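Top line first, the protein sequences correspond to chains A and B.
First residue of the first sequence: 13, per our numbering; consecutive thereafter.
First residue of the second sequence: 212, per our numbering; consecutive thereafter.
Even glycine gets a Cβ: it sits at the ideal position worked out from N, Cα and C.
Note that this is a predicted model, so its numbers are computed, not measured.
The structure under discussion appears below in the form of C-alpha cells.
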Amino acid sequence: MSIVALRDAVVLLGRFPALSGVDLEVGASEVVLLQGPNGAGKSTLLRLCAGLLRPHSGRSVVLGHDLSKSRAAVRRSVGLLGHDTALYDDLTVTENLQFLARASRIELTAVGSALERLGVSARLHDVVVGRLSAGQRRRVALAGVALRRPELWLLDEPHAGLDQGGRDLVDGLVSEAAADGATVLVASHELDRTLELKTRRVTIAGGTIIADVADSDAADTDAADSDVADSDAADSDVADSDAADSDAADSDAVDTDVAGVAGGRGS
Amino acid sequence: MLADVWLVTHKDLRIEWRSRVTLSQVVPFALTVLVLFGFALDANRGVLNAATSGLFWLTVLFVTVVAVTRSTAIETSDGACRALLLAGIEPSAVFFGKTLAVAVQILGVEILMVGGVLVFYGATVESLPLLLATCAVATVGIAASGTLLGALVAGVRARETVLPVLLLPVLAPVLIAASRAFDDALGVLAVDGWSWLGLLAGFGVVNAALGTLAYGQLLEEA
Chain A
13 MSIVALRDAV
23 VLLGRFPALS
33 GVDLEVGASE
43 VVLLQGPNGA
53 GKSTLLRLCA
63 GLLRPHSGRS
73 VVLGHDLSKS
83 RAAVRRSVGL
93 LGHDTALYDD
103 LTVTENLQFL
113 ARASRIELTA
123 VGSALERLGV
133 SARLHDVVVG
143 RLSAGQRRRV
153 ALAGVALRRP
163 ELWLLDEPHA
173 GLDQGGRDLV
183 DGLVSEAAAD
193 GATVLVASHE
203 LDRTLELKTR
213 RVTIAGGTII
223 ADVADSDAAD
233 TDAADSDVAD
243 SDAADSDVAD
253 SDAADSDAAD
263 SDAVDTDVAG
273 VAGGRGS
Chain B
212 MLADVWLVTH
222 KDLRIEWRSR
232 VTLSQVVPFA
242 LTVLVLFGFA
252 LDANRGVLNA
262 ATSGLFWLTV
272 LFVTVVAVTR
282 STAIETSDGA
292 CRALLLAGIE
302 PSAVFFGKTL
312 AVAVQILGVE
322 ILMVGGVLVF
332 YGATVESLPL
342 LLATCAVATV
352 GIAASGTLLG
362 ALVAGVRARE
372 TVLPVLLLPV
382 LAPVLIAASR
392 AFDDALGVLA
402 VDGWSWLGLL
412 AGFGVVNAAL
422 GTLAYGQLLE
432 EA
C-alpha cells in the first residue's frame, strides 16, 4: 500500500498555486529527499501530507485517508517538524512533551526516553522552552516527533540550527524510523548529509515535481539534480555559516540561561 | 472530550501562571480603569452610582480584549497550534478548553473588581446570588465569543488591533444585559435582573454552538 499517493494535486495558498499538478507515490519504509530552490513548494508538500492543508483539486491520499475528506485522521498518524518548533515558550521542556503525550494518548514514561534519544540533557528538562537556544528547541521539537512514533515522518530542514552531534542524531533517528517500517520525507538543502539516508530523491521547482529518481538511478542524474540544487547552494552556504555562528552563540546562551535559572527563575 | 478540555485549560492556566500576565498587567489595568472612571464622575456622586454597573462591565470588556489577545498569542507563537492539530485533539475540545481558561482569568479579575466598586464607588450588594450568577453566565459567553473571534483573527496581520474592533461590537448585548442584571443586584434600578440573565445565557449558548462548529476550521487557518 502507498503511504503517500498524490495524483495531479493542486494546493492554493490564497490564489497562489503553491503546488500544481503534483504526482507522487511513496511506499512504506522509503526515505525520500525533497530538494529544490527556496519557494519551490517543499514545505507546502510536507504540510499537505501532514493534513494541514486542503488540496484544491486532484487526488491526495495519505495513509489511506483522502485529504479532501478526512485530514484529522491523517494528522493523528504523522509527525511533522516544520520551520517553527510548535512548542510553548512558557512551558518547560518536560511539560511541553508531557502535554503532547497526554494529547496523543501516549505513556508519560516515553517522554524521558525521547528526550534522551535526542540528546537533551537532564539539566534542561525543567527549563522553560523560551530560554533555550534555537538548536536546543529544535532537538526538543524532534523529540516531540519521535515521541509519537508516527507512521509518516515529515521533516522540513531537520538539520537546520543543529550542531554536529545534533545532526548525527537526526540522521540516526531517520535511519531507525525507516528500519522500523516508517516512511520519511525530508526536505533539505543539506544534500551531503541527506543523500546518505535517502532511497529516493524528488526535485521540486515552481510547485511541480520535475525529477523523481530512485537510489539506484541516482548516479545517472546527479549532474542534472545538482543544477537545480546549485541555485540554492550559495544561500545554503551563507545559512550554514550563520547557523554555525548562532550555534556557538546559542550554546553560550543556554549555559547562561541555565545558570540564570539555577540562580533565580523557577520553572 | 472532557479530558482534552481540561488538558487545554490546564495548559493555558499554567502558561498564564508562569507568565503572570493577568496578575501583573490585567488586574492593575482593570483597577486603574475603575479608579479613573471614578475620578471622571466623582463630582456627581449620583451619576457615578447610576453608572456603576455599566462602568464595571465596560471595564470587563477591556479586560476581555487583553485576555483573549494573550490566549490567541499562545497558540500562534512559533506555530504552537499545529501541535494541537497534530496531536489529534478535537477542535471543539480546544475551543472549550481555551474558553474555560479565559473565563477563569476574567472571573478572577471580576472578583477583584467587585471589591473595587464596593470600595471606590460605595456600591452595596442587594442580591448576591444574582450578582454571582450574572458574573458567571456573562463571563462564559464573553470568553466563548472572545475565543472564537481570537481564532478568526489569528492569521490576520495586526490582529491585536483588529480583535477589539470585532469583539467589542459583538459583546454589546452582554454589556447591556449584564449591566441591567447588575443594576438589579446592586439595587440601582428596579428591573428584573433574572430575566436579563436569560439573554446572557442565550448569548453563551449561541457562541458555544458557533465555536463547536467553526473553531476547527479557524484553527487550521491560523
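CB of residue i within 8 Å of CB of residue j, strictly
{"i": "V320 of chain B", "j": "T233 of chain B", "result": "yes"}
{"i": "F414 of chain B", "j": "G352 of chain B", "result": "yes"}
{"i": "V90 of chain A", "j": "L60 of chain A", "result": "no"}
{"i": "L360 of chain B", "j": "L386 of chain B", "result": "no"}
{"i": "T283 of chain B", "j": "R370 of chain B", "result": "yes"}
{"i": "A365 of chain B", "j": "Y426 of chain B", "result": "no"}
{"i": "V182 of chain A", "j": "V141 of chain A", "result": "no"}
{"i": "I15 of chain A", "j": "V34 of chain A", "result": "no"}
{"i": "A98 of chain A", "j": "L166 of chain A", "result": "no"}
{"i": "V198 of chain A", "j": "P170 of chain A", "result": "yes"}
{"i": "G147 of chain A", "j": "G178 of chain A", "result": "yes"}
{"i": "A190 of chain A", "j": "A158 of chain A", "result": "no"}
{"i": "R212 of chain A", "j": "A226 of chain A", "result": "yes"}
{"i": "V276 of chain B", "j": "P375 of chain B", "result": "yes"}
{"i": "L252 of chain B", "j": "A262 of chain B", "result": "yes"}
{"i": "A153 of chain A", "j": "L93 of chain A", "result": "yes"}
Check: residue i C-beta below 7 Å from any heavy atom of the ligand ATP
{"i": "V22 of chain A", "result": "The ligand ATP is not among the ligands present in this structure, which contains no ligands whatsoever."}
For residue j and residue i, the rounded distance between their alpha carbons
{"i": "G299 of chain B", "j": "L397 of chain B", "result": "46 Å"}
{"i": "L112 of chain A", "j": "L103 of chain A", "result": "12 Å"}
{"i": "A383 of chain B", "j": "S32 of chain A", "result": "45 Å"}
{"i": "F250 of chain B", "j": "S390 of chain B", "result": "20 Å"}
{"i": "L430 of chain B", "j": "P302 of chain B", "result": "8 Å"}
{"i": "V330 of chain B", "j": "G357 of chain B", "result": "29 Å"}
{"i": "S200 of chain A", "j": "A85 of chain A", "result": "27 Å"}
{"i": "M212 of chain B", "j": "A17 of chain A", "result": "32 Å"}
{"i": "R27 of chain A", "j": "L224 of chain B", "result": "38 Å"}
{"i": "V417 of chain B", "j": "G218 of chain A", "result": "45 Å"}
{"i": "I317 of chain B", "j": "K309 of chain B", "result": "12 Å"}
{"i": "A246 of chain A", "j": "E202 of chain A", "result": "The predicted model places A246 of chain A with a pLDDT of 39, which falls under 50 and marks its position as unreliable, so this point remains unresolved."}
{"i": "D224 of chain A", "j": "A122 of chain A", "result": "36 Å"}
{"i": "R87 of chain A", "j": "L58 of chain A", "result": "12 Å"}
{"i": "S288 of chain B", "j": "T280 of chain B", "result": "12 Å"}
{"i": "N255 of chain B", "j": "A334 of chain B", "result": "15 Å"}
{"i": "A401 of chain B", "j": "D394 of chain B", "result": "8 Å"}
{"i": "G422 of chain B", "j": "L296 of chain B", "result": "16 Å"}
{"i": "I216 of chain A", "j": "A52 of chain A", "result": "6 Å"}
{"i": "G70 of chain A", "j": "R19 of chain A", "result": "6 Å"}
{"i": "R135 of chain A", "j": "A355 of chain B", "result": "39 Å"}
{"i": "W217 of chain B", "j": "S116 of chain A", "result": "14 Å"}
DSSP three-state assignment for residue i, whether helix, strand or coil
{"i": "L93 of chain A", "result": "strand"}
{"i": "E128 of chain A", "result": "helix"}
{"i": "G166 of chain B", "result": "Any question about residue 166 of chain B goes unanswered here, given that chain B covers just 212 to 433."}
{"i": "S69 of chain A", "result": "strand"}
{"i": "R19 of chain A", "result": "strand"}
{"i": "A365 of chain B", "result": "coil"}
{"i": "A226 of chain A", "result": "strand"}
{"i": "V399 of chain B", "result": "coil"}
{"i": "G299 of chain B", "result": "coil"}
{"i": "I317 of chain B", "result": "helix"}
{"i": "H171 of chain A", "result": "coil"}
{"i": "V240 of chain A", "result": "Note that V240 of chain A has pLDDT 45, beneath the 50 cutoff, so the model's placement of it is unreliable and the number below is only indicative. Three-state result, V240 of chain A: helix."}
{"i": "V336 of chain B", "result": "coil"}
Bridge partner(s) assigned by DSSP for residue i
{"i": "F28 of chain A", "result": "A:L25"}
{"i": "W165 of chain A", "result": "A:G91, A:V196"}
{"i": "V216 of chain B", "result": "For V216 of chain B, which the question treats as bridged, DSSP gives no partner whatsoever."}
{"i": "I221 of chain A", "result": "A:I216"}
{"i": "S14 of chain A", "result": "A:G39"}
{"i": "V140 of chain A", "result": "A:T104"}
{"i": "Q47 of chain A", "result": "A:T215"}
{"i": "V74 of chain A", "result": "A:V16, A:H77"}
{"i": "V34 of chain A", "result": "A:A21"}
Cross-chain neighbours of residue i in chain A, by beta carbon under 9 Å
{"i": "R370 of chain B", "result": "Chain A residues near R370 of chain B: none, gap ~17 Å exceeds 9 Å."}
{"i": "E431 of chain B", "result": "L64, L65, R66, R83"}
{"i": "I285 of chain B", "result": "Y100, D101, D102"}
Within chain B, partners of residue i - CB distance below 9 Å
{"i": "G94 of chain A", "result": "G290, R293"}
{"i": "R88 of chain A", "result": "L297, A298, G299"}
{"i": "V140 of chain A", "result": "R229"}
Chain-ordered chain A contacts of residue i [CB-CB under 7 Å]
{"i": "S230 of chain B", "result": "D102"}
{"i": "K185 of chain B", "result": "In this structure chain B extends from 212 to 433, so residue 185 of chain B is not present and cannot be described."}
Within chain B, partners of residue i - CB distance below 7 Å
{"i": "T97 of chain A", "result": "D289"}
Beta-carbon neighbours of residue i, restricted to chain B and to distances below 8 Å
{"i": "L112 of chain A", "result": "A294, A298"}
Cross-chain neighbours of residue i in chain A, by beta carbon under 8 Å
{"i": "L218 of chain B", "result": "F111, R114, A115"}
{"i": "D403 of chain B", "result": "Neighbours of D403 of chain B on chain A: none; closest Cβ ~44 Å, over 8 Å."}
{"i": "D215 of chain B", "result": "A115"}
{"i": "R281 of chain B", "result": "Those within 8 Å of R281 of chain B in chain A number zero; the least Cβ separation is about 11 Å."}
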